[in-house]
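J.: Questions regarding the structure given below will be posed in turn.
There are 2 protein chains.
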Amino acid sequence: MGQGEGQRHATLRTVAQLAGVDVSTASRVLNGTSEDARRAASREKADEIRRVAEELNYRSNPHAASLRTRRTKLIGVIVPRLSDLVLATIYEGIEDAATRLGLSTFVMNSHDEPREQKARTEVALSRRVDGLIFGDAHIDGRFIDEIAERRIPFALVNRRAGNHPSVTCDDYLGGRLVAEHFLELGHERVAVIAGEPYASTGIDRTAGFRDRYREAGIRLPSSRIVHSHFDAAGGRQAAEQLLRGRTRPTAVFAVNDFAAIGVLGTLRDHGLRPGKDVAVAGFNDTPLARELPVPLTTVRSPMHEMGGLAVDLLVRLLDGEQVKSERLAPDLVVRASTDPARLSPVATDL
Amino acid sequence: MGQGEGQRHATLRTVAQLAGVDVSTASRVLNGTSEDARRAASREKADEIRRVAEELNYRSNPHAASLRTRRTKLIGVIVPRLSDLVLATIYEGIEDAATRLGLSTFVMNSHDEPREQKARTEVALSRRVDGLIFGDAHIDGRFIDEIAERRIPFALVNRRAGNHPSVTCDDYLGGRLVAEHFLELGHERVAVIAGEPYASTGIDRTAGFRDRYREAGIRLPSSRIVHSHFDAAGGRQAAEQLLRGRTRPTAVFAVNDFAAIGVLGTLRDHGLRPGKDVAVAGFNDTPLARELPVPLTTVRSPMHEMGGLAVDLLVRLLDGEQVKSERLAPDLVVRASTDPARLSPVATDL
DNA sequence: CATCGTTGCCCAATCGATTGGGTAACTGTG
DNA sequence: CACAGTTACCCAATCGATTGGGCAACGATG
Chain A
64 MGQGEGQRHA TLRTVAQLAG VDVSTASRVL NGTSEDARRA ASREKADEIR RVAEELNYRS
124 NPHAASLRTR RTKLIGVIVP RLSDLVLATI YEGIEDAATR LGLSTFVMNS HDEPREQKAR
184 TEVALSRRVD GLIFGDAHID GRFIDEIAER RIPFALVNRR AGNHPSVTCD DYLGGRLVAE
244 HFLELGHERV AVIAGEPYAS TGIDRTAGFR DRYREAGIRL PSSRIVHSHF DAAGGRQAAE
304 QLLRGRTRPT AVFAVNDFAA IGVLGTLRDH GLRPGKDVAV AGFNDTPLAR ELPVPLTTVR
364 SPMHEMGGLA VDLLVRLLDG EQVKSERLAP DLVVRASTDP ARLSPVATDL
Chain B
64 MGQGEGQRHA TLRTVAQLAG VDVSTASRVL NGTSEDARRA ASREKADEIR RVAEELNYRS
124 NPHAASLRTR RTKLIGVIVP RLSDLVLATI YEGIEDAATR LGLSTFVMNS HDEPREQKAR
184 TEVALSRRVD GLIFGDAHID GRFIDEIAER RIPFALVNRR AGNHPSVTCD DYLGGRLVAE
244 HFLELGHERV AVIAGEPYAS TGIDRTAGFR DRYREAGIRL PSSRIVHSHF DAAGGRQAAE
304 QLLRGRTRPT AVFAVNDFAA IGVLGTLRDH GLRPGKDVAV AGFNDTPLAR ELPVPLTTVR
364 SPMHEMGGLA VDLLVRLLDG EQVKSERLAP DLVVRASTDP ARLSPVATDL
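Residue numbers (my numbering), protein chains in the order written: chain A, 64 to 413; chain B, 64 to 413.
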């Protein structure tokens with residue numbers, strides 16, 4: 064109830080009074096388009112208004128403006144969890160783009176739980192966001208469909224669902240690239256750690272990988288496609304399961320770098336040398352990948368860029384434009400975890 | 064300009080009209096305290112108002128309320144970067160606590176740049192946040208002092224500065240714990256990768272470590288305290304610098320897990336076995352630490368909890384209470400990177 | 001029966017901006 | 001000089017809530 068309060072903010076009214084004009088004139092000069100400003104006041108009056116505003120350190124009260132205009136310049140962002148570096152990086156892209164456009168963003172974690180997705184979305188809507196960006200779409204699209212039916216403007220990022228507007232990496236192609244690489248290295252007994260079954264990222268990466276292998280005449284048995292959480296612990300669990308199998312794979316594609324790191328750890332624990340006994344590839348090229356003791360082969364995805372494009376997409380949608388989804392090209396980055404020649408001396412000595 | 068718009072939100076006025084009461088009565092029943100509600104309307108009227116509100120799916124418009132009350136229930140959070148897992152985790156704690164209290168948060172990245180800190184803070188203030196949480200304080204406190212002078216309510220988290228209210232880990236103690244551990248293992252030639260020179264976290268961890276060693280009669284030459292960025296690339300650079308020195312340390316304390324990971328990579332590149340040839344400890348016990356090929360000894364800090372407590376602190380401040388800073392106790396977690404006995408078979412074979 | 005307290009509401013001002021619609025003064029044209 | 005068009009403003013309604021004050025009706029009290 065108390066107040067730490069700084070000095071009260073100057074309002075348009077005080078600015079207008081001191082500048083000797085009506086508040087409407089001050090509004091047009093300070094907050095309107097330059098077109099508005101020109102026709103609202105003469106050169107000198109406008110300068111005077113701006114001078115006074117500057118002096119009083121006037122800042123338009125966004126709540127008052129939103130109340131009147133019904134637009135908040137706020138966008139809600141819902142992600143599974145910001146402590147996932149992939150999402151944090153995408154969010155940074157979102158924030159950069161939003162800031163550049165004078166928009167503000169709210170982020171919330173849904174932990175990929177339908178109930179929380181719903182709850183967070185309602186919170187965002189009750190804050191009257193102009194639109195939403197979802198980084199946590201589930202492939203079944205149930206929740207997203209509902210949002211679409213309510214005609215709430217939104218864009219998906221990182222994961223796609225249905226044909227709702229989205230900005231994603233070309234995950235299918237990414238999976239193919241890894242398969243291509245493994246095939247070149249001569250791996251025939253391979254496995255995929257496929258991520259969460261509801262995430263299009265994992266699904267598409269797996270599909271691309273599987274399809275490329277199939278084209279090479281090699282079928283992946285379903286026992287060598289294991290779902291997992293998108294983190295190191297998840298990768299570890301999945302790897303343990305794979306190693307329990309009768310025939311050990313010679314190469315493992317984890318659809319996420321952190322899961323791949325878990326795989327590296329598990330291999331060591333089992334006395335296997337990553338990059339030599341078993342090849343490992345990840346996805347996303349997180350900054351850690353190249354710094355690991357055994358640097359990780361991975362697929363670089365434009366995470367930051369995806370965030371920015373998602374904002375652009377949403378803004379175009381808010382402007383009533385017709386939009387279409389974007390799919391950005393990934394790159395394969397080969398490092399020691401799949402290429403023994405690149406292993407450091409000590410690791411090669413193994 | 065266009066509108067994707069969903070159906071218009073119901074307002075208090077329509078609810079009041081349908082329930083046959085004045086809007087003020089509806090306001091007290093729906094948005095006031097239960098005390099207000101009781102004296103504003105009879106049992107039956109109140110129930111009727113709530114029924115209508117429910118039916119119309121009424122949500123109070125926070126902008127209208129803020130305009131009138133001058134409180135926004137918004138708090139601004141400024142961190143160096145959310146793609147740093149430590150900050151992302153702290154932010155999750157902040158978000159959880161805020162949600163529980165019915166507050167919303169804005170996060171922004173300052174990249175530890177004074178200019179951006181200033182700019183983001185102004186953005187938050189122009190959004191009329193009730194208070195701020197800074198996770199990016201610099202030890203010199205210049206910027207923070209300025210904010211304090213403007214009597215803007217805020218709390219610091221993770222890093223302290225001056226005697227502004229903060230919630231931190233007891234970093235000094237954390238540093239001592241690592242030193243204690245290294246001493247027990249018999250390490251006398253040790254080094255510290257100390258993080259950014261302006262972050263209290265690195266400063267205090269280094270100081271605790273240095274002091275404990277001094278008490279054991281061992282002085283750290285300044286050449287063995289190297290500053291670095293708080294990420295794997297930073298750790299790698301710092302480690303390279305240390306290995307260039309004449310006398311190689313037998314143990315390295317990196318004040319951050321990611322920097323420690325960079326050290327592990329560098330050691331390998333130089334043909335040195337982490338945990339055997341050189342002991343390595345990190346700080347924060349990020350989830351990755353235990354999953355690495357060579358699991359990392361580190362100091363567990365209560366990141367999530369710190370975030371929640373920072374919110375509590377800020378809220379108490381906003382309520383006009385006198386508050387004092389909190390310093391939470393860390394724990395040492397010993398793993399293979401400092402203890403050869405714990406190395407996995409293949410690593411021991413090295 | 002006059003008085004006093006409650007109970008249960010309603011009135012109306014207010015927060016700070018936006019915006020459609022005036023209108024007075026001035027300029028240019030025929 | 002009459003008239004149209006432009007320039008440079010001002011007026012006032014409005015967005016959706018909050019909140020101090022007022023007041024009628026009713027029961028209790030002396």
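Glycine included, C-beta positions come from ideal geometry on N, C-alpha and C.
1. Let me see if you follow: with CB-CB separation under 8 Å, is Ala410 (chain A) close to chain B or not?
2. Step through the CB atoms of chain A and report whether any lies within less than 8 Å of the CB of Val357 (chain B).
3. State the Cα-Cα distance for the pair Val78 (chain A) and Ile112 (chain B), rounded to the nearest angstrom.
4. Give me the residue from B:Lys387, B:Ser146, B:Arg191, B:Ala161 with the minimum Cα distance to His174 (chain B).
5. Whose Cβ in chain B lies nearer than 9 Å to the Cβ of Pro350 (chain A)?
6. In the DSSP assignment, the alpha helix (DSSP H) including Phe206 (chain A) goes from what residue to what residue?
7. May I ask you to report which of helix, strand or coil DSSP gives Ile324 (chain A)?
8. Quick check: Ala187 (chain A) and Gly139 (chain A), are their CB atoms within less than 8 Å of each other?
9. What is the residue span of the alpha helix (DSSP H) that Arg101 (chain B) lies within?
10. Could you tell me whether the Cβ atoms of Arg190 (chain A) and Ser167 (chain B) are closer together than 8 Å?
11. Check whether the Cβ atoms of Arg287 (chain B) and Val255 (chain B) lie closer than 8 Å to each other.
12. Mind the definition here: the stretch 243–257 of chain B touches the stretch 367–374 of chain B only if three or more C-beta pairs lie below 8 Å; say whether that holds.
13. Mind listing the chain B neighbours of Ala127 (chain A)? Cutoff is C-beta to C-beta under 7 Å, in chain order.
14. Are the C-beta atoms of Asn124 (chain B) and some chain A residue less than 8 Å apart?
15. Name, please, each residue of chain B whose Cβ falls closer than 8 Å to the Cβ of Ser189 (chain A).
16. Leaving out five residues before and five after Thr329 (chain A) in sequence, what residues of the same chain have Cβ atoms less than 8 Å from its Cβ?
17. Cβ of Glu354 (chain A) less than 8 Å from any chain B Cβ?
18. Assign Ala399 (chain A) to one of two classes, buried (16 or more other C-beta atoms within 10 Å of its C-beta) or exposed (fewer than that).
19. Spell out whether any CB of chain B is found under 8 Å from the CB atom of Ala151 (chain A).
20. Heavy atom of the ligand PLP less than 7 Å from the Cβ of Arg133 (chain B), yes or no?
21. Which residue's Cα is closest to the Cα of Leu75 (chain A): A:Ala127, A:Ala104, A:His292, A:Met171?
22. Going along the stretch 156–168 of chain A in order, which residues come within less than 9 Å of chain B, judged by CB to CB distance?
23. Got a sec: is the Cβ-Cβ distance from Asn423 (chain A) to anything in chain B below 8 Å?
24. Return yes when the Cβ of Pro228 (chain B) is within less than 8 Å of the Cβ of Ser388 (chain B), no when it is not.
25. Ile324 (chain B) touches chain A at which residues, Cβ-Cβ below 8 Å?
26. Could you give the residue range of the beta strand (DSSP E) that holds Asp394 (chain B)?
27. Got a sec: is the Cβ-Cβ distance from Arg273 (chain A) to anything in chain B below 8 Å?
28. On a Cα-Cα basis, can you pick out the residue from A:Pro284, A:Asp402, A:Asp394 that is closest to Thr349 (chain A)?
29. Under a CB-based cut-off of 8 Å, is Gly249 (chain A) close to chain B?
30. Please state whether DSSP places Gly67 (chain A) in a helix, a strand or coil.
31. Which partner residues does Asn124 (chain A) have in the DSSP bridge list?
32. Within 10 angstroms of the Cβ of Ser97 (chain A), are there 16 or more other Cβ atoms? Answer buried if so, exposed if not.
33. Given this structure, state the Cα-to-Cα distance separating Gly271 (chain A) from Thr264 (chain A), to the nearest angstrom.
34. Between Gly95 (chain B) and chain A, is any beta-carbon pair separated by less than 8 Å?
35. How far does the alpha helix (DSSP H) with His367 (chain B) in it extend, from its first residue to its last?
36. Does any residue of chain A have a CB that is nearer than 8 Å to the CB of Arg76 (chain B)?
T.: Judging by the given coordinates:
1. Taking the first sequence and counting its residues from 1, one reaches residue 410 (chain A) at position 347. Here the model assigns Ala410 (chain A) a pLDDT of 47, short of 50, so the residue's position is not dependable, and the following value carries that caveat. Chain B, which has a Cβ nearer than 8 Å to the Cβ of Ala410 (chain A), makes this yes.
2. Counting from one through the second sequence, the residue named residue 357 (chain B) turns up at place 294. With 8 Å as the cut-off, Val357 (chain B) counts as an interface residue toward chain A.
3. Here residue 78 (chain A) is taken as the residue at index 15 of the first sequence, counted from 1. Here residue 112 (chain B) is taken as the residue at index 49 of the second sequence, counted from 1. Roughly 41 Å between the two C-alpha positions.
4. In the second sequence, residue 174 (chain B) corresponds to position 111, counting from 1. For His174 (chain B), the nearest C-alpha among the options comes from B:Ser146.
5. Position 287 of the first sequence holds residue 350 (chain A). Result: Ser146, Asp294, Ala295, Ala296, Phe321.
6. Mapped onto the first sequence, residue 206 (chain A) falls at position 143. Looking at the DSSP string, the run of the alpha helix (DSSP H) that includes Phe206 (chain A) is 205–212.
7. Residue mapping note: residue 324 (chain A) aligns to position 261 of the first sequence, counting from 1. Ile324 (chain A) falls in the helix class under three-state DSSP.
8. In the first sequence, counting from the first residue as 1, residue 187 (chain A) sits at position 124. In the first sequence, counting from the first residue as 1, residue 139 (chain A) sits at position 76. Against a cut-off of 8 Å, the Cβ pair of Gly139 (chain A) and Ala187 (chain A) comes out as a contact.
9. Counting from 1 along the second sequence, the entry for residue 101 (chain B) is found at position 38. Note, Arg101 (chain B): alpha helix (DSSP H), 97–103.
10. Here residue 190 (chain A) is taken as the residue at index 127 of the first sequence, counted from 1. Here residue 167 (chain B) is taken as the residue at index 104 of the second sequence, counted from 1. In this structure, Ser167 (chain B) lies closer than 8 Å to Arg190 (chain A) by Cβ.
11. On the second sequence, position 224 is the one that residue 287 (chain B) refers to. On the second sequence, position 192 is the one that residue 255 (chain B) refers to. It is a contact, given that the beta carbons lie within the stated cut-off.
12. no
13. Counting from 1 along the first sequence, the entry for residue 127 (chain A) is found at position 64. Near Ala127 (chain A) (Cβ distances below 7 Å), the residues of chain B are Leu130.
14. On the second sequence, position 61 is the one that residue 124 (chain B) refers to. So yes, Asn124 (chain B) belongs to the interface.
15. Along the first sequence, read from residue 1 onward, the residue named residue 189 (chain A) stands at position 126. Near Ser189 (chain A) (Cβ distances below 8 Å), the residues of chain B are Arg122, Ser123, Pro125.
16. Position 266 of the first sequence, counted from the start, is the residue given in the question as residue 329 (chain A). Excluding sequence neighbours, Thr329 (chain A) sits near Gly298, Arg299, Ala302, Glu303, Leu306.
17. For the purposes of this step, residue 354 (chain A) is taken as the residue at position 291 of the first sequence. So, interface residue.
18. Within the first sequence, residue 399 (chain A) is the residue found at index 336, counting from 1. Buried.
19. Reading the first sequence from its first residue, position 88 is the one you call residue 151 (chain A). Judged by the 8 Å Cβ criterion, Ala151 (chain A) is in contact with chain B.
20. Absence of the ligand PLP is noted for the structure shown, with no ligands found whatsoever.
21. Counting from 1 along the first sequence, the entry for residue 75 (chain A) is found at position 12. Cα-wise, what sits closest to Leu75 (chain A) is A:Ala127.
22. Glu158, Asp159, Thr162, Ser167, Thr168
23. Here chain A covers residues 64 to 413 and nothing more, so residue 423 (chain A) does not appear.
24. Translated into positions along the second sequence, residue 388 (chain B) becomes position 325. Translated into positions along the second sequence, residue 228 (chain B) becomes position 165. Yes, Cβ-Cβ distance for Ser388 (chain B) and Pro228 (chain B) is below 8 Å.
25. Residue numbering aside, residue 324 (chain B) sits at position 261 when the second sequence is read from its first letter. Residues of chain A passing the Cβ test: Leu351, Glu354, Leu355.
26. Position 331 of the second sequence, counted from the first residue, corresponds to residue 394 (chain B). Note, Asp394 (chain B): beta strand (DSSP E), 394–396.
27. The count along the first sequence starts at 1 and reaches residue 273 (chain A) at position 210. Answer no: the Cβ-Cβ gap between Arg273 (chain A) and chain B never drops below 8 Å.
28. Within the first sequence, residue 349 (chain A) is the residue found at index 286, counting from 1. Checked all of A:Pro284, A:Asp402, A:Asp394; the closest Cα to Thr349 (chain A) is A:Asp394.
29. One-based indexing of the first sequence puts residue 249 (chain A) at position 186. With 8 Å as the cut-off, Gly249 (chain A) does not count as an interface residue toward chain B.
30. Stepping through the first sequence from its first residue, residue 67 (chain A) is reached at position 4. Note that Gly67 (chain A) has pLDDT 40, beneath the 50 cutoff, so the model's placement of it is unreliable and the number below is only indicative. DSSP places Gly67 (chain A) in coil when its eight states are reduced to three.
31. Position 61 of the first sequence, counting from 1, holds the residue named residue 124 (chain A). Answer by DSSP bridge pairing: none, since Asn124 (chain A) is not bridged.
32. Indexing the first sequence from 1 puts residue 97 (chain A) at position 34. Flag for Ser97 (chain A) reads exposed.
33. As a working mapping, residue 271 (chain A) is identified with position 208 in the first sequence. As a working mapping, residue 264 (chain A) is identified with position 201 in the first sequence. Roughly 11 Å separates the two Cα atoms.
34. Translated into positions along the second sequence, residue 95 (chain B) becomes position 32. It does not: the Cβ of Gly95 (chain B) has no partner Cβ on chain A nearer than 8 Å.
35. By 1-based counting over the second sequence, the position of residue 367 (chain B) is 304. From DSSP, the alpha helix (DSSP H) with His367 (chain B) extends over 366–381.
36. By one-based count along the second sequence, residue 76 (chain B) stands at place 13. Judged by the 8 Å Cβ criterion, Arg76 (chain B) is not in contact with chain A.
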